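Only one structure is covered here, and it is reproduced in the block below.
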DNA sequence: CGCATACTGAACCATATGGTTCAGTGTCTA
DNA sequence: TAGACACTGAACCATATGGTTCAGTATGCG
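Protein chains in written order, with our numbering: chain A, 5 to 125; chain B, 5 to 125.
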């Protein structure tokens, strides 16, 4: 029934809805980092940062690998194409919708003009 | 301190993280609708739909107007430009990052080659 | 070995989310 | 004026989120 459902989009948009997580993504876009690095940079406990990284990882936006004591986080492999595509499609709908509203407004104006003439006849 | 904060992005990405709300946006991109229309289409109580519309409205993605008994919902005025811009910037970071990783890999290969020669000398 | 480091998991807390029901209020319309 | 209709708000519920502390476990290093 609800064919519009899309768990991937749910997860990635939810992941992006937090400023810390967006910051982590930007950071990892510049260089890999450990949980400790990220926790310090974002002024948060290790446990707290671990949770954020978990959310990003579950959304496929980050991959991590533990070597020795250290878990290294990097971006990848999703480039948010699907999310871009959704926004792009919405933008098109939006444009079309506003064109249509413009037309409706014009049509109303035209009719008013005609009605005006009729009334003067 | 946390200059990366952005309540607008928080709200819109959070609004987009629910399939029903994405559906409502697409629907409103095609035509205006009342709360009742939307509730029926998405198989939900009026109260439930009202909440979703509230979230979209607070995020600036939908505007509503009540005339008589009926509250009419339409899209606007935000075209999600800021959100597109964020994703676009991330894509660029992502590209740059992967280019860099490629270079690192090449550099490693080159060094291995050199080391191999050295060892044979 | 022994200590410091780096993470991890459980438990807790306050608040938000996604949904419901129920009891209204206000607006058409016959 | 009576009933139907459209919405609204409060209250409730289960679960998730964003954070913490505390008590581990595993690893590296002198």
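Backbone N, C-alpha and C define an ideal beta-carbon position, used for all residues, glycine too. Quick caveat, the model's predicted, so the values are computed rather than measured.
So, helix, strand or coil for residue i, using DSSP?
i	result
residue 19 of chain B	helix
residue 86 of chain B	helix
residue 37 of chain A	strand
residue 26 of chain A	helix
residue 95 of chain B	helix
residue 101 of chain B	helix
residue 49 of chain A	coil
residue 73 of chain A	coil
Taking all protein chains shown into account, decide if residue i is buried (16 or more other Cβ within 10 angstroms of its Cβ) or exposed.
i	result
residue 84 of chain B	buried
residue 25 of chain A	buried
residue 12 of chain B	exposed
residue 87 of chain A	buried
residue 43 of chain B	buried
residue 96 of chain A	exposed
residue 74 of chain B	exposed
residue 33 of chain A	buried
residue 57 of chain B	buried
Among the residues of its own chain, which have a CB less than 7 Å from the CB of residue i, if the five just before and after it don't count?
i	result
residue 4 of chain B	Residue 4 of chain B is absent from the structure shown; chain B starts at 5 and stops at 125.
residue 40 of chain B	50
residue 90 of chain B	13
residue 27 of chain B	46
residue 15 of chain A	62 and 63
residue 54 of chain B	39
Looking only at its own chain, which residues have a Cβ that is under 6 Å from the Cβ of residue i, when we skip the five neighbours before and after it?
i	result
residue 59 of chain B	19
Segment contact, 8 Å Cβ cut-off, at least three pairs: the region 56 to 66 of chain A with the region 15 to 24 of chain A: yes
Looking at chain A, which residues of the region 71 to 84 of chain B have a Cβ within less than 7 Å of any of its Cβ atoms? 79, 83 and 84
Can you list, in chain order, the residues of the region 11 to 35 of chain A whose Cβ is nearer than 9 Å to any Cβ on chain B? 11, 13, 14, 15, 16, 17, 18, 19, 20, 21, 22, 23, 24, 26, 27, 29, 30, 32, 33, 34 and 35
Could you please tell me which residues of the region 57 to 68 of chain B, in chain order, have their CB closer than 8 Å to any CB of chain A? none
Using a Cβ-Cβ cutoff of 9 Å, what residues of the region 85 to 98 of chain B are near chain A? List them in chain order. 85, 87, 88, 90, 91, 92, 93, 94, 95, 96, 97 and 98
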